[in-house]
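Read through the structure below, which is laid out as structure tokens, and then see the notes.
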Amino acid sequence: MAKTLYAPWRIDYIKDVSDGPKECFLCAAAKTPDADAANFVLARGEHCLLMLNKYPYVNGHLLVAPYRHAPTLIDCTPPERAEIMELLILGQQALERAMNPQGFNVGINIGKVSGAGLPGHVHAHIVPRWNGDINFMTIVGQVRIIPQAIDEAFRQLNQALAELRSGG
9 MAKTLYAPWR IDYIKDVSDG PKECFLCAAA KTPDADAANF VLARGEHCLL MLNKYPYVNG
69 HLLVAPYRHA PTLIDCTPPE RAEIMELLIL GQQALERAMN PQGFNVGINI GKVSGAGLPG
129 HVHAHIVPRW NGDINFMTIV GQVRIIPQAI DEAFRQLNQA LAELRSGG
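Shown next as structure tokens:
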């Protein structure tokens, strides 16, 4: 008998994809610092933000993006590009402290044909990886298993960032 895996948070993603997003979620997060917890924004710089991916490949999947809606790194200013790198490093450090992964996939998909889910607003991915993890790519029945609620990952990463900032 087949087992059923429920992932009720995916319905928001399905609706966004089928209806098309009303607004770029990265721009919306950039404009609303008072909603950082609701948007899972972990850190802000002068030009960019670090946030949890609401529709991750694995728990702890982070995104780094400029506040400005720019489609490629070429369209970003040198300070934006530099800050993207600094936030990638900060995100990796927070993931190491909070979740102890054995490795990372870090990348940027530019353009729809490259797999960019949001081709108009460049963003980088930090995907933590663990030995034996097979969930990065869908293998059976379009199912991925994410073993941690996003709210818990957000809490854990916020705690790690607070420790990093305090030098602890």
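According to the working numbering, the sequence shown holds residues 9 to 176 in order.
Every residue gets a Cβ at the ideal spot worked out from N, C-alpha and C, and that includes glycine.
Quick caveat, the model's predicted, so the values are computed rather than measured.
Mind checking which residues open and close the alpha helix (DSSP H) that includes Ala157?
That residue, Ala157, is in no alpha helix (DSSP H); it is neither H nor E in DSSP.
Buried versus exposed, by CB contacts within 10 Å (16 or more), Val177:
There is no way to answer for residue 177, as the model of the chain reaches only from 9 to 176.
Can you check the segment 85-151 for any alpha helix (DSSP H) of at least 4 residues that lies completely inside it and give the ranges in chain order?
The alpha helix (DSSP H) runs lying completely inside the segment 85-151 and spanning 4 residues or more are 86-107, given in chain order.
Tell me the residue span of the beta strand (DSSP E) that contains Ala43.
Taken as a continuous stretch (DSSP letters only), Ala43 belongs to no beta strand (DSSP E), as it is neither H nor E.
Considering only their Cβ atoms, is the gap separating Leu96 from Leu165 smaller than 9 Å?
Taking the C-beta atoms as reference points, Leu96 is found no nearer than 9 Å to Leu165.
Can the beta-carbon of Leu81 be found closer than 9 Å to that of Leu71?
Going by C-beta atoms, Leu81 is not nearer than 9 Å to Leu71.
Taking DSSP as the reference, what is the three-state secondary structure of Cys32?
Shown here, Cys32 sits in coil according to DSSP, grouped into three states, outside any helix or strand.
With 16 other Cβ atoms within 10 Å as the buried cut-off, status of Gly68:
So Gly68 ends up on the buried side.
So, Ala38 versus Tyr75, is the Cβ gap smaller than 9 Å?
Yes.
Can Phe162 and Leu34 be called in contact, C-beta distance under 9 Å?
No.
Residue range of the beta strand (DSSP E) that includes Val72
From DSSP, the beta strand (DSSP E) with Val72 extends over Leu70 to Pro74.
Look at the alpha carbon of Ala132 and the alpha carbon of Thr40, and state the distance between them as a whole number of angstroms.
Going from the Cα of Ala132 to the Cα of Thr40 covers about 20 Å.
For Ala73 and Ala45, what's the separation of their Cα atoms in angstroms?
For Ala73 and Ala45, the distance between alpha carbons rounds to 17 Å.
Kindly give me the distance between the Cβ atoms of Cys32 and Leu126, rounded to whole angstroms, as I take these residues to be in contact under 8 Å.
Rounded, the Cβ-Cβ distance is 7 Å, consistent with contact.
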